[in-house]
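The block underneath contains the structure these notes are about, expressed in structure tokens.
Number of protein chains: 2
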Amino acid sequence: MKTIRTAVVLVALVAAGTLTARAQDPLPSWNDGPAKKAIVDFVKLTIEKASPKFVPVEARIATFDQDGTLWVEHPIYSQVMYCLDRVPALAKAKPELVSVEPFKTVLSGNREAIAKLTMPDLEKIAVATLTGMSTDDFQAEVKKWIAEASDGRWKKHYTELTYQPMQEVLKYLRASGYKTYIVTGGGQDFVRVYSEETYGIPPEQVVGSALGTQYGYDKNGKPFLTKEPKLLLNDDRAGKPEGIHLMIGRRPYAAFGNSDGDRQMLEYTGAGDGARLMMLVLHDDARREYAYGPATGLPDTKVGTFTQALYDEAKRKGWTVISMKTDWKKILAFEQ
Amino acid sequence: MKTIRTAVVLVALVAAGTLTARAQDPLPSWNDGPAKKAIVDFVKLTIEKASPKFVPVEARIATFDQDGTLWVEHPIYSQVMYCLDRVPALAKAKPELVSVEPFKTVLSGNREAIAKLTMPDLEKIAVATLTGMSTDDFQAEVKKWIAEASDGRWKKHYTELTYQPMQEVLKYLRASGYKTYIVTGGGQDFVRVYSEETYGIPPEQVVGSALGTQYGYDKNGKPFLTKEPKLLLNDDRAGKPEGIHLMIGRRPYAAFGNSDGDRQMLEYTGAGDGARLMMLVLHDDARREYAYGPATGLPDTKVGTFTQALYDEAKRKGWTVISMKTDWKKILAFEQ
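Top line first, the protein sequences correspond to chains A and B. So in the working numbering, spot 168 of the first sequence is number 185, and the numbers just go up one at a time. So in the working numbering, spot 252 of the second sequence is number 269, and the numbers just go up one at a time.
Structural data, given as structure tokens:
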């Protein structure tokens, strides 16, 4: 009896699902245009059994850069904010840091001076705030910060600053049998803490810059892993295809990015046979989000550089550039 | 109409599936006993909604060592055979190796001398045969070798030498919502070539010792990855939990091994809360397979050392030792 009842429920679900799918646009936050068309055409071409470019479900891999592609990266990567926010707690545990640069500057709270910190300064802060603790403690700290911290412009949690149109692409691809991966220059351990809740992407489908860990035991003999200041994978630029090979072992069929850091990932994706989708998000909407980088005709910034050379390569190779201004009806979910 | 027909087919499949599952033993090659009971109890405890130790489906991760746990490792790891078999082709491409050790010994075909090669010798051979080519070329070579090579005792392809009882565990866990991973000291790129076909485990669920790759372009500007002689992950002993953290980012609920190389993976698994399953395969059946290692009372060999210390730790911590002799009705699928 139970079996029959289950089956009846299933019938209802299947019927409802089919009808809904027919009626709904999978990408409602996208304006009609070449970008939306490129996505829909790619999906149809690769999932319809009769298509000459059909891709078996196990090979359907799609990779997404995170910062500037799935969520806001301007004016500063949120992981950098995390590291800066951790400095006071760090100084409490290690008082000798209070008088040492660059920690002294961060503790001063002087925003102008903090904005001027150099890359080597930020690296010192990253090593100090991202290593030396157990992986469990790190996860707990990030979880707490993500739940509490908010950005300077919208006063929202960082996880609310994801792009609605890209959330729709993630869901649409998954509904079409694609495994969606984040492939980020950011920290793998950091992004994994919130990826499932924020993007529906489980930790094992997050590829990012990764530090080594060291296995050991606490005083009760319980094993744990300590985060070490040893870079295993610098998942940016050429490191992205290298990271994809290491962590996934298959070439993606679709890849999304927004900067020169994603160039090699898109090239590697495009070098496969059959249908491939390569897309770049261009930040050209200063009113609703931000406009920056040479390809917009504006000066470069500290985040996601989209150079003219990348723009030219995209045009030459038939990659699709997504204009946030013209292709996206809505950028952020809370936008009016 | 099509929807209704689909639903009717679904009803039939659901009903059939439920009936079949009720009638069938998921582990028919296992004798009744504590090992089989441990597996079945663990699965029930973690997948039944009402269980106090219920595990949500997304957290259901099970990890398996390969050599000696999923397939035969004695008298020599098959990847070592691959490397030795590649030496003639390598010497053809690089004639200067013909007179250089350890290549000279391998080319001599003298089995006794080859068996005496030291670990540094084998490492030299591994570096020479596993690096310097593109990842695509490497995959093609392994695929060819796997399809052609056979073992010395049964004269079967290596992929036929998998343990039938463990194949049943893999399928049973997957049918229970578990993601099954290989976590091997062997080469990640090597195992990924045949893992899907042999174990139903996709390449992205193979964690293994991994060499770095280098992104570059061929003369036509097409990008490719070259395998480099740079060890990124030594996925053995403490490297197993470290590799699991890097590649999966979650602690397994079940872990299977057969040697001291798996000790830390089992400890790490067992240190989690809720129900956890830790199992070790003991090679104690010289007639149907092999018997070796201190825990069997027999001398140690070059493969999968199962020491008395590991055996004692297993007993102390309540891990289950699987006796191939008494727990397995059938070891190899082709066994009469």
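Beta carbons: idealized from backbone N, C-alpha and C, even for Gly. Note that this is a predicted model, so its numbers are computed, not measured.
Where residue i sits in the DSSP three-state scheme
| i | result |
| --- | --- |
| B/Pro-112 | helix |
| A/Thr-243 | strand |
| B/Gly-335 | coil |
| A/Met-296 | strand |
| B/Ser-46 | coil |
| B/Met-18 | Per-residue confidence for B/Met-18 stands at a pLDDT of 43, beneath the threshold of 50, marking its modelled position as unreliable; no derived number is given. |
| A/Gly-314 | coil |
| A/Ser-340 | strand |
| B/Asp-253 | coil |
| A/Lys-301 | Sequence check: residue 301 of chain A is Asp here, not Lys. Strand, per DSSP. |
| A/Ser-151 | strand |
| B/Tyr-270 | coil |
| B/Tyr-328 | helix |
| B/Ala-132 | helix |
| A/Leu-349 | strand |
| B/Arg-39 | Here the model assigns B/Arg-39 a pLDDT of 49, short of 50, so the residue's position is not dependable, and the following value carries that caveat. Looking at B/Arg-39 - three-state DSSP - the assignment turns out to be helix. |
| B/Leu-124 | helix |
| B/Asp-84 | strand |
| A/Ala-308 | strand |
| B/Asp-290 | coil |
| B/Lys-54 | helix |
| A/Thr-63 | helix |
| A/Glu-284 | helix |
| A/Gly-321 | coil |
| A/Ser-276 | coil |
| A/Ile-265 | coil |
| B/Glu-90 | coil |
| B/Glu-259 | helix |
Own chain partners of residue i with C-beta closer than 7 Å, once the 5 adjacent residues on each side are dropped
| i | result |
| --- | --- |
| B/Glu-90 | Asp-84, Val-320, Gly-321 |
| B/Gly-291 | Lys-70, Val-72 |
| A/Ile-339 | Ala-52, Met-296, Leu-297, Val-298, Leu-299 |
| B/Gly-358 | This structure does not reach residue 358 of chain B, given that chain B is present from 18 up to 353, and the question cannot be answered. |
| A/Asp-301 | Ala-308, Thr-313, Ser-340, Met-341, Lys-342 |
| A/Lys-141 | Pro-119 |
| B/Ser-167 | Lys-173, His-174 |
| B/Leu-250 | Ser-226, Ala-227, Gly-256, Gly-260, Leu-263 |
Sequence-distant residues of the same chain with beta carbon closer than 6 Å to residue i, five excluded per side
| i | result |
| --- | --- |
| B/Ala-326 | none |
| A/Lys-347 | Ser-46, Gln-181 |
| B/Gln-156 | Val-210 |
| A/Ala-143 | Cys-100 |
| B/Glu-103 | Contrary to the premise, residue 103 of chain B reads as Arg rather than Glu in this sequence. Closer than 6 Å at Cβ, skipping near neighbours: Thr-146. |
| A/Thr-80 | Tyr-198, Val-200, Pro-269, Ala-272 |
| B/Gly-50 | Asp-344 |
| A/Ala-57 | Here the sequence assigns Val to residue 57 of chain A, which means Ala is not the residue at that position. So the list is empty, once near-sequence residues are dropped. |
Sheet register partners of residue i (DSSP bridge)
| i | result |
| --- | --- |
| A/Ile-78 | A/Lys-196 |
| B/Ala-143 | Per DSSP, none; premise fails for B/Ala-143. |
| B/Tyr-234 | B/Pro-240 |
| A/Leu-248 | A/Leu-228 |
Under 9 Å by beta carbon: chain B residues contacting residue i
| i | result |
| --- | --- |
| A/Ile-265 | Pro-220, Glu-221 |
| A/Tyr-285 | Tyr-232, Pro-240, Phe-241, Leu-242 |
| A/Glu-214 | Here the premise fails: no neighbours, minimum Cβ distance about 11 Å. |
Interface partners of residue i on chain B, CB under 7 Å
| i | result |
| --- | --- |
| A/Glu-65 | By Cβ distance, chain B contributes nothing, its closest Cβ being about 15 Å from A/Glu-65, past 7 Å. |
| A/Ala-192 | Near A/Ala-192 there are no residues of chain B at all, since even the closest Cβ is about 17 Å away, more than 7 Å. |
Partner residues on chain A for residue i, Cβ-Cβ distance less than 7 Å
| i | result |
| --- | --- |
| B/Lys-239 | Ala-288 |
| B/Arg-209 | Gly-266 |
Other residues of its chain near residue i: CB distance less than 8 Å, five sequence neighbours each side excluded
| i | result |
| --- | --- |
| A/Leu-107 | Leu-114, Phe-120, Ala-145, Thr-146 |
| A/Thr-152 | Asp-206, Thr-230, Phe-241, Leu-242, Thr-243, Lys-244 |
| A/Ala-350 | Glu-177, Thr-179, Gln-181, Gln-184 |
| B/Trp-336 | Leu-283, Gly-287, Met-295, Met-296, Leu-297, Glu-330 |
| A/Leu-124 | Val-104, Pro-105, Ala-108, Val-115 |
| A/Lys-160 | Val-210, Tyr-211 |
Contact set between residue i and chain A, taken where Cβ atoms lie within less than 8 Å
| i | result |
| --- | --- |
| B/Glu-259 | Gly-229, Thr-230, Gln-231, Tyr-232, Leu-242 |
| B/Ala-255 | Gln-231, Tyr-232 |
Chain-ordered chain B contacts of residue i [CB-CB under 8 Å]
| i | result |
| --- | --- |
| A/Thr-152 | His-262 |
| A/Leu-147 | Correct list: empty, because the minimum Cβ distance to chain B is about 14 Å. |
| A/Leu-249 | Leu-249, Leu-250, Leu-263 |
| A/Glu-75 | Glu-213, Pro-219 |
Proximity test, Cβ basis, 8 Å: residue i and chain C
| i | result |
| --- | --- |
| B/Gln-281 | Among the protein chains of the structure shown, namely A and B, there is no chain C. |
Beta-carbon neighbours of residue i, restricted to chain A and to distances below 9 Å
| i | result |
| --- | --- |
| B/Glu-140 | None at all; the shortest Cβ gap to chain A is about 21 Å. |
Length at least 3, wholly inside the segment 155-232 of chain A: the beta strand (DSSP E) runs in chain order:
As far as the segment 155-232 of chain A is concerned, its whole beta strand (DSSP E) runs of at least 3 residues are 196-204.
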